[in-house]
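Each remark here refers to the structure printed beneath this line.
2 protein chains.
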Amino acid sequence: MLKTHYVKDLSAELDNEHVKLAGWVHEIRAVGKICFVLLRDSTGIAQLIALKQDTPEELFKLIGGLAIESAITVDGIVKKSEQSKKGYEVQIKDILVLARAETLPITVTEKGITIGLEKRLDYRSIDLRKPRNSAIFRIQSAIVEGFVNNLNNKGFLQVFTPALLGSTSEGGAEVFRFKYFEKDAFLRQDPQLHRQLAILGGIEKLYDLGPSWRAEASHTTRHLCEHRTMAPEMAFLEDEMDTIRLEEDLIVSALKNVQHKCEAELEVLNIKLNIPEAPFPELRFPKIYDIVEEEGGKLEYGADPDAEAMKILWEHVQKKYKSDFYFFNRFPSAIKPFYVMKVDDDPEWARSVDLNFRGLELSSGGQREHRHDKLMEQVKEKGMNPKHIAWFTEFFRYGAPPHGGFAIGIERITKELLNLENVREAAIFPRAPERLEP
Amino acid sequence: MLKTHYVKDLSAELDNEHVKLAGWVHEIRAVGKICFVLLRDSTGIAQLIALKQDTPEELFKLIGGLAIESAITVDGIVKKSEQSKKGYEVQIKDILVLARAETLPITVTEKGITIGLEKRLDYRSIDLRKPRNSAIFRIQSAIVEGFVNNLNNKGFLQVFTPALLGSTSEGGAEVFRFKYFEKDAFLRQDPQLHRQLAILGGIEKLYDLGPSWRAEASHTTRHLCEHRTMAPEMAFLEDEMDTIRLEEDLIVSALKNVQHKCEAELEVLNIKLNIPEAPFPELRFPKIYDIVEEEGGKLEYGADPDAEAMKILWEHVQKKYKSDFYFFNRFPSAIKPFYVMKVDDDPEWARSVDLNFRGLELSSGGQREHRHDKLMEQVKEKGMNPKHIAWFTEFFRYGAPPHGGFAIGIERITKELLNLENVREAAIFPRAPERLEP
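Chains as they are written, first to last, in this note's numbering: chain A, 624 to 1061; chain B, 624 to 1061.
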């Protein structure tokens, strides 16, 4: 490799050590006979310094003429420095320009004019270099790593369920369809049904980490046409509370991993992370309707909470539990898909769970109906054609165990935790109705 | 959860302990006044036993009448047993049938008539219950875990590059296309170009773990229409040898993880795993042409090795290095895509690397061309329209660092390591030209 150290590995303790760095020219300042170069790599920014008197003329000229965002390697010596914010700087001994950058169409530093998100996304490969964006994706990766390590340690298998489907489970709206040889195929909107089929296949604990798609011509700050979910599913649970216990444990693990690995990144984004404590508060329907009313709001009995009710419920949770994360459970069966399990002795309500964060839904899940006769009843109740879903339901004849799970939106949790304005900022190359590039 | 122990946790050391198990009825045998039940869960098979004299009549009747593949829970007591192969069996105290299975369309035990792969795939959720298939996906998950842990420990970020593309880089053949609102979109055949754009975005070390698709009406045992790759990419490498060093380290990690976690599964599949030693042998073009000739084969100068040459080269490696894994490097530039880096002082050959295993290609990769002028030359050489690929190449104007990587096919490495006949066996729900279900 062309480097011996990453910026984050540098410190005053390396005083007088020779290091080889590589990265991009973030900024240059020439102050009389001193030249300062800010070198940025994926882990941070280091201040490099060249004194005219100590530097060969040609090198000093090269340094002064460096184009912003050029890719370079640097031979240097770490020097303790009281004046420097980080306690050290790096004396430049040699610089090699690997690739000179032309004049940039957008800036990488946070300074100067503000550029709109869409233009930034047009030039995403430059935009991603911003320390702010680098921080977002380092944190996103740490969230995912936290999830994955937790699940692997619990014996969950990572499986890869198909993205291409031969039929749609929930109507044809908002689904991308295409010609698959002689057939029609669809991009999945959700990996759920195949996770369930994998459970029925005897893989008791599994997760799918992958993309799903929605052909929704929506331009809100919360929608992507392509997003990813971390979606665990497990068999032989007692009831939906087992999915709740797993989910809160995952969240705690992920946040701890972020706190552990991404201190500097959280600082760049100015985010103070609170590690929540399990158990998270759980509100249940129909009690939720009473709470909304008691708090002065209005939510029709049997309805899904709207934005106003979500806000009221979040304020209620804040007052009563002081928790950012909280569950809703026992949603009305009528507004949930055919595969959810109803409460046997109170079938108006389902073992259907949402995880919320500060008034916004982060994930959906709960216990699924595993009994073939009940499942087929629910297929009919929802007005679905049993033939269209038989590829899925037929397998429930052969000893389907109780099971459940949930799907956490990777971009969504990134957006909410980091308080990003638009979920597109949480996708490295987002896909939206008008955006297929870069 | 409905269980206190998994089958793999049981042993004679738990003698007289009460356990709660859950799983599927694999087999039943009634021998006079004794009933044996083989209980299978995702981790193995345990022998349960009920003696008529010690068992309530109703329970004994229930046990005798259990339908194969029903999902059950078992309360039992572990008993040391000299006669039992595993050194213990479980005395049944109670059984609860969670879901009774109807008569199966295919068998789950390996006994009896052999059922063809396609029929097995039609009933995949039953087929997956076979200990053999369970073992395949437990090992696949351990391979992936080995890759992921190795990369995470090295500071690589997991990123999710887009599956939907606005244009195709390598012609329109073999790509699934569909209507994306008002535009045409394509399913990626490979996550490479966006990995490169992420590198240009300053994410120095990253991997994409996700699906790609090929609309290839091919019915060989080596092709899937949907497959997944583990695809790392890194910046600031010296040359393609850095990708080789990374790749062999990944392979060693993954295999060690399999050996560590999947001893029983390897036994089920009758696979003896050899952990290879790094560095793996590396053969280079054009020397490869000489080797083929010396070994009595024929391979035209400048051509890609065909099946016959692959076999000869594998035999050569076996003789000379005794290694199952080996690299080919410096492929002819003429047969490689526009983005590969040529050797500067010998541009007939490229820094293009394949990893092979026993005569079969597992992955492709190497160093990419990062210099904008050279890249554009290569676009023209390949007869591509520069406008169509400008969404990608334009970013190389702004300080693109040297970089490289590779993509290992998850299903392919699973197939080859486990000596499976057909790669479809290595996809949990495979997609082939005639198969979109289940």
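Even glycine gets a Cβ: it sits at the ideal position worked out from N, Cα and C.
Note that this is a predicted model, so its numbers are computed, not measured.
query: Taking 9 Å as the threshold (C-beta atoms), are Lys1038 of chain B and Arg755 of chain B in contact?; result: no
query: Name, going along the chain, the residues of the stretch 757–785 of chain A whose beta-carbon falls closer than 9 Å to a beta-carbon of chain B.; result: Ser757, Phe760, Arg761, Gln763, Ser764, Ala765, Val767, Glu768, Val771, Asn772, Asn775, Gly778, Phe779, Leu780, Gln781, Val782, Phe783, Thr784, Pro785
query: Can you give me the C-alpha to C-alpha distance between Ile657 of chain B and Leu674 of chain B, rounded to a whole angstrom?; result: 5 Å
query: Just mark Val654 of chain B as buried or exposed, buried being the case when its beta carbon has 16 or more other beta carbons within 10 Å.; result: exposed
query: Is Asn775 of chain A buried or exposed, if buried means 16 or more other CB atoms sit within 10 Å of its CB?; result: buried
query: Ends of the alpha helix (DSSP H) at Thr852 of chain A?; result: Per DSSP, Thr852 of chain A belongs to no alpha helix (DSSP H); it is in the beta strand (DSSP E), 849–858.
query: Less than 8 Å between the CB atoms is what I'm expecting for Val881 of chain A and Ala765 of chain A, so what's the real figure, rounded?; result: 5 Å
query: Mind checking the stretch 710–728 of chain B against chain A and listing, in chain order, the residues whose C-beta falls within less than 8 Å of any C-beta there?; result: Leu721, Ala722, Arg723, Ala724, Glu725, Leu727
query: In angstroms with no decimal places, state the Cα-to-Cα distance between Val1002 of chain A and Asp996 of chain A.; result: 10 Å
query: Cβ of Pro1061 of chain B within 9 Å of Cβ of Glu849 of chain A?; result: no
query: Taking all protein chains shown into account, decide if Ile958 of chain B is buried (16 or more other Cβ within 10 angstroms of its Cβ) or exposed.; result: exposed
query: Determine the burial state of Ile898 of chain A: buried for a count of at least 16 other Cβ atoms within 10 Å of its Cβ, exposed for fewer.; result: exposed
query: Check whether the stretch 940–953 of chain A and the stretch 979–994 of chain A touch, using three or more Cβ-Cβ pairs below 8 Å as the test.; result: yes
query: In the stretch 1005–1021 of chain B, which residues sit with their C-beta less than 9 Å from some C-beta in chain A, listed in chain order?; result: Trp1014, Phe1015, Glu1017, Phe1018, Phe1019, Arg1020, Tyr1021
query: Fully enclosed by the stretch 753–836 of chain B, which beta strand (DSSP E) runs are 3 residues long or longer?; result: 800–803, 806–810, 828–836
query: Applying the criterion that 16 or more other CB atoms from any shown protein chain within 10 Å of the CB defines a buried residue, is Pro1009 of chain A buried or exposed?; result: exposed
query: For Pro904 of chain B and Tyr944 of chain B, what's the separation of their Cα atoms in angstroms?; result: 7 Å
query: Could you tell me the boundaries of the alpha helix (DSSP H) in which Leu719 of chain A lies?; result: Premise fails: Leu719 of chain A lies in the beta strand (DSSP E), 711–722, not in any alpha helix (DSSP H).
query: Which residue comes first and which comes last in the beta strand (DSSP E) that contains Gln676 of chain B?; result: Where Gln676 of chain B is concerned, there is no enclosing beta strand (DSSP E), given that its DSSP letter is neither H nor E.
query: With 9 Å set as the bound, which would you pick, yes or no: does the beta-carbon of Arg752 of chain B sit closer than that to a beta-carbon of chain A?; result: yes
query: Of all Cβ atoms in chain B, is any one closer than 9 Å to the Cβ of Ala840 of chain A?; result: yes
query: What does the Cβ neighbour count give for Pro679 of chain A, buried or exposed, with the cut at 16 atoms within 10 Å?; result: exposed
query: Beta-carbon of Ser665 of chain A versus every beta-carbon of chain B: anything under 9 Å?; result: yes
query: Closer than 9 Å, CB to CB, is Pro902 of chain A near chain B or not?; result: no
query: Across the stretch 735–746 of chain B and the stretch 1037–1053 of chain B, are there enough close Cβ pairs to call them in contact, namely three or more that are closer than 8 Å?; result: yes
query: Could you check how far apart the C-beta atoms of Pro1025 of chain A and Phe859 of chain A are, in whole angstroms? I think they sit under 8 Å.; result: 6 Å
query: Does any CB atom of chain B fall closer than 9 Å to the CB of Met999 of chain A?; result: no
query: In the DSSP output, what is Thr696 of chain A paired with across the bridge?; result: A:Ala645, A:Leu719
query: CB-CB under 6 Å to Phe1019 of chain B, same chain, minus the five flanking residues each way: which ones, in chain order?; result: His995, Leu998
query: Would you give the residue range spanned by the beta strand (DSSP E) that His1026 of chain A belongs to?; result: 1026–1032
query: Give me the Cβ distance between Gly1027 of chain A and Gly989 of chain A, rounded to the nearest whole Å; I'm assuming they're in contact under 8 Å.; result: 6 Å
query: Would you please verify whether the beta carbon of Ser986 of chain B is less than 9 Å from any beta carbon of chain A?; result: no
query: Would you identify the three-state DSSP class for Arg991 of chain A, choosing helix, strand or coil?; result: strand
query: For a contact defined as C-beta to C-beta under 7 Å, what are the partners of His817 of chain B on chain A?; result: Phe1052
query: Assuming Ser748 of chain B is part of the alpha helix (DSSP H), what are its boundary residues?; result: 747–750
query: So with Cβ pairs under 9 Å, would you call Met933 of chain B a contact of chain A?; result: no
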